[in-house]
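Enquirer: The listed protein sequences correspond, in order, to chains A and B. Just so you know, we're using my numbering here: the first sequence kicks off at 1 and counts up by one. Just so you know, we're using my numbering here: the second sequence kicks off at 223 and counts up by one. Quick reminder that beta carbons are idealized off the backbone N, C-alpha and C, glycines included.
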Amino acid sequence: MIVAERKPLEEILRLIDGAKTVLLTGCGGCVTVHMAGGEKEVEVLASLLRLHYKKEDKPIKILTQTVTRQCEPEYVRELADNVDKAAVVLSMGCGVGVQFIAENFPKAWVVPALNTKFAGATLEAGVWAERCGLCGECILYKTGGICPVIRCSKSLLNGPCGGSQNGKCEVDPEIDCAWQLIHDRMKDLGKLDLLLEIEPPKDWSKARDGGPRKVMREDMRF
Amino acid sequence: MKSGSNLEKVLTSGQFAVCGEMGPPQSADGKSIKKKAEYFRGYVDSVNLTDNQTAIVRLSSIASAHLLLDAGVEPVMQMTCRDRNRIAIQSDVLGAYALGIKNILAISGDHQKFGNHPQSKNVYDIDSLQLLQILKNMRDEKKFQNGEEMKVEPRLFIGAAANPFADPFEFRVLRLAKKVKAGADFIQTQGVFDVPRFKRWMEMVRDLGLPEKTFILAGIIPVRSVKALQYMKSEVAGMSVPDELIERMSKAAKPQEEGVKIAVELIQQLREIKGVHGVHIMPVMWEQVIPQLVEQAGLLPRPRFEEEQTTPAKEAPAKG
Numbered sequence: 001m002i003v004a005e006r007k008p009l010e011e012i013l014r015l016i017d018g019a020k021t022v023l024l025t026g027c028g029g030c031v032t033v034h035m036a037g038g039e040k041e042v043e044v045l046a047s048l049l050r051l052h053y054k055k056e057d058k059p060i061k062i063l064t065q066t067v068t069r070q071c072e073p074e075y076v077r078e079l080a081d082n083v084d085k086a087a088v089v090l091s092m093g094c095g096v097g098v099q100f101i102a103e104n105f106p107k108a109w110v111v112p113a114l115n116t117k118f119a120g121a122t123l124e125a126g127v128w129a130e131r132c133g134l135c136g137e138c139i140l141y142k143t144g145g146i147c148p149v150i151r152c153s154k155s156l157l158n159g160p161c162g163g164s165q166n167g168k169c170e171v172d173p174e175i176d177c178a179w180q181l182i183h184d185r186m187k188d189l190g191k192l193d194l195l196l197e198i199e200p201p202k203d204w205s206k207a208r209d210g211g212p213r214k215v216m217r218e219d220m221r222f
Numbered sequence: 223m224k225s226g227s228n229l230e231k232v233l234t235s236g237q238f239a240v241c242g243e244m245g246p247p248q249s250a251d252g253k254s255i256k257k258k259a260e261y262f263r264g265y266v267d268s269v270n271l272t273d274n275q276t277a278i279v280r281l282s283s284i285a286s287a288h289l290l291l292d293a294g295v296e297p298v299m300q301m302t303c304r305d306r307n308r309i310a311i312q313s314d315v316l317g318a319y320a321l322g323i324k325n326i327l328a329i330s331g332d333h334q335k336f337g338n339h340p341q342s343k344n345v346y347d348i349d350s351l352q353l354l355q356i357l358k359n360m361r362d363e364k365k366f367q368n369g370e371e372m373k374v375e376p377r378l379f380i381g382a383a384a385n386p387f388a389d390p391f392e393f394r395v396l397r398l399a400k401k402v403k404a405g406a407d408f409i410q411t412q413g414v415f416d417v418p419r420f421k422r423w424m425e426m427v428r429d430l431g432l433p434e435k436t437f438i439l440a441g442i443i444p445v446r447s448v449k450a451l452q453y454m455k456s457e458v459a460g461m462s463v464p465d466e467l468i469e470r471m472s473k474a475a476k477p478q479e480e481g482v483k484i485a486v487e488l489i490q491q492l493r494e495i496k497g498v499h500g501v502h503i504m505p506v507m508w509e510q511v512i513p514q515l516v517e518q519a520g521l522l523p524r525p526r527f528e529e530e531q532t533t534p535a536k537e538a539p540a541k542g
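(1) Which word fits B/Lys324, buried or exposed, when buried means at least 16 other C-beta atoms lie within 10 angstroms of its C-beta?
(2) So if I threshold CB-CB distances at 9 Å, which residues from the stretch 30-42 of chain A count as touching chain B?
(3) Which residue or residues does DSSP assign as beta-bridge partners of B/Phe379?
(4) Return the residue from the list B/Leu281, B/Asn344 and B/Gly481 that minimises the CA-CA distance to B/Gln511.
(5) Express the C-alpha separation of B/Ile284 and B/Lys496 in angstroms, rounding to a whole number.
(6) Can you pull the chain A residues whose beta carbon is under 9 Å from the beta carbon of B/Phe415, in chain order?
(7) Among A/Asn158, A/Phe105, A/Ile16 and A/Glu170, which has the Cα closest to the Cα of B/Phe547?
(8) Could you tell me how far apart the beta carbons of A/Ala19 and A/Val88 are, in whole angstroms, since I believe they sit closer than 8 Å?
(9) Report yes or no: do the stretch 159-179 of chain A and the stretch 455-473 of chain B share at least 3 C-beta pairs separated by less than 8 Å?
(10) Between the alpha carbons of A/Phe118 and A/Ala207, how many angstroms are there, rounded?
(11) Cβ closer than 9 Å: which chain D residues qualify as neighbours of A/Gly97?
(12) Quick one, are the C-beta atoms of B/Ala318 and B/His339 less than 9 Å apart?
(13) Below 8 Å on C-beta distance, what does B/Ile409 contact in chain A?
(14) I'd like to know whether the C-beta of B/Gly542 is nearer than 9 Å to at least one C-beta of chain A.
(15) A/Gly26 lies in the beta strand (DSSP E); which residues open and close that run?
(16) For B/Cys303, is the classification buried or exposed, using 16 other Cβ atoms within 10 angstroms of its Cβ as the cut-off for buried?
(17) Do the stretch 200-219 of chain A and the stretch 415-431 of chain B make contact, defined as three or more Cβ pairs closer than 8 Å?
(18) So what's A/Asp17 in DSSP terms, helix, strand or just coil?
(19) Determine whether the Cβ of B/Arg308 lies closer than 9 Å to any Cβ atom of chain A.
(20) With a 10 Å radius around its C-beta and 16 neighbouring C-beta atoms as the bar for buried, classify B/Ile484 as buried or exposed.
(21) Name, please, each residue of chain A whose Cβ falls closer than 8 Å to the Cβ of B/Asp389.
(22) Enumerate in chain order the residues of its own chain whose CB-to-CB distance from A/Ile60 is below 6 Å, with the five nearest sequence positions on each side excluded.
(23) Below 8 Å, is the gap between the Cβ of B/Leu492 and the nearest heavy atom of the ligand GDP?
(24) Please determine if the stretch 333-347 of chain B and the stretch 377-389 of chain B are in contact, where contact requires at least 3 C-beta pairs separated by less than 8 Å.
(25) Could you compute how far the alpha carbon of B/Lys257 sits from the alpha carbon of B/Leu281?
(26) Considering only DSSP beta bridges, list what B/Lys365 is partnered with.
(27) Is B/Met461 helix, strand or coil when you go by DSSP?
(28) For the beta strand (DSSP E) containing B/His502, list its first residue and its last residue.
(29) What residue does the alpha helix (DSSP H) around B/Gln275 start on, and which one ends it?
Here it is, written out as structure tokens:
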């Protein structure tokens, strides 16, 4: 899923400064699953904002509405009535949600309440970690299901750099060395010989480097 | 001869090679390179110019290498994959060769987190192994990475780094073999303090027959204080510094002299190891030590070769 984290309250206050009516909108997708921008988080942030403006003695109206997914047009359009009423739309969706609301409501001023971090997984309650670099051409079959593109700090494709020590990356002792993980797993699976092949330069044109990407499937189109 | 560089001549003639290393200045002070060249000229066979090492902005390794060449010392230009994509790398390699640079060391480069611009974006379009392969193909096949041909190829002596002290230990040698396969003519290792571990690594290197396929230069870092040793032990990933050495240095009345003595002993021990073809001395900010260190290690005089007319790059004959 796409993992995001709420911006600090002070920053959010700056983003909506001066608005008399704010539509705070959540998303029922990934951000609900990891509790960053679902219905519950929308209500918590709304309360914080109301409390803040009450203390400041500034009148403000916070409308709240969470849609099933901010990344699909039919759900985003459900926001139309509230968007009309608000001076600012504060989205608690990921970066996709923010943009998709803006795209669907050309006259709305849409701002993000979250910082979108990565495509990742839940390691344990309250801990999420990056797992996919969205590079457009998956090579996980070569590396035992562990991605060096995103999990190696240097995206090395041919083994660990000299900064791998005791299983950790030199960039941060909290980061596992992806190549230590790959090496150990390939060894356990009896496939270490696969790592002896020289992996040629990657075709980054399949990734964001080729320009913004689009997927089209004729079989899904009417 | 692949490149006809001095380093290549020393190594292929079977003599024990001595490389130095210099960090370019953090300013536009090109003169400092010529000044530091005095510590190396006649004492080493070639000198590495680091490429923004530890991700700190410095005078470029290409310009530094050219200045050093002007000062009569043969450069080994380092090239990292951190700051350039394959377009810039190949372009800079052509430029470096056109300026007379014949040795290039391909490395992945220190992560920008350690430098003075930690908020920068890194590139890593290719890794050091792929860079080796690109350099080899440019030289031997006259081909760019995309397969297109070039008229005049860079005749380079291609180097790579190896760290016998990093993990996973057993994979280190396999990775070295990969680097040799990719095109490494010579290898420079991380600084060696832990000789027993280095010996174990060399045993594995010999088992794979690598000293017959590439030249291995063992790394030497002369230190002048116990602090430097302690720093390397605790702060530098992939360094192994035995406690005995730290104790010896902390007890030394004259730490500078002791530092030279330790480096001399290390050079002598490494020289005895089968498959070690030379040393690579990295006198981090202590270049003045080079003359006495090389002399005391018994590595003088350095071999000299007749100044032969190195084949100037010729236009490829027209086909057809």
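Expert: Reading it off the structure:
(1) buried
(2) none
(3) Secondary-structure assignment with DSSP links B/Phe379 through a beta bridge to B/Asn325.
(4) Looking at the sequence shown, residue 511 of chain B is not Gln but Val. Of the listed residues, the one whose Cα sits closest to B/Val511 is B/Gly481.
(5) Near 34 Å, if we compare the C-alpha coordinates of B/Ile284 and B/Lys496.
(6) Residues of chain A passing the Cβ test: none, with the nearest at roughly 15 Å.
(7) Chain B is shown only over 223 to 542; residue 547 of chain B falls outside these bounds and no answer can be derived.
(8) 4 Å
(9) yes
(10) 15 Å
(11) In the structure shown, chain D cannot be found, because the protein chains are A and B.
(12) no
(13) Result: empty, since nearest Cβ-Cβ is about 12 Å, beyond 8 Å.
(14) Low per-residue confidence applies at B/Gly542: pLDDT is 44, beneath 50, and the placement is therefore not dependable enough to give any value.
(15) Thr21 to Cys27
(16) buried
(17) Using a C-beta cut-off of 8 Å, the stretch 200-219 of chain A makes no contact with the stretch 415-431 of chain B, since fewer than three inter-stretch Cβ pairs fall below that distance.
(18) If DSSP states are grouped into helix, strand and coil, A/Asp17 belongs with coil.
(19) yes
(20) buried
(21) Pro160, Ser164, Gln165, Asn166, Gly167, Cys177 and Gln180
(22) Tyr53
(23) Absence of the ligand GDP is noted for the structure shown, with no ligands found whatsoever.
(24) The count of Cβ pairs closer than 8 Å, one atom from the stretch 333-347 of chain B and one from the stretch 377-389 of chain B, stays below three, leaving the stretches out of contact.
(25) Cα to Cα, the separation comes out at about 15 Å.
(26) B/Glu371
(27) coil
(28) Gly500 to Ile503
(29) Premise fails: B/Gln275 is in no alpha helix (DSSP H) and is neither H nor E.
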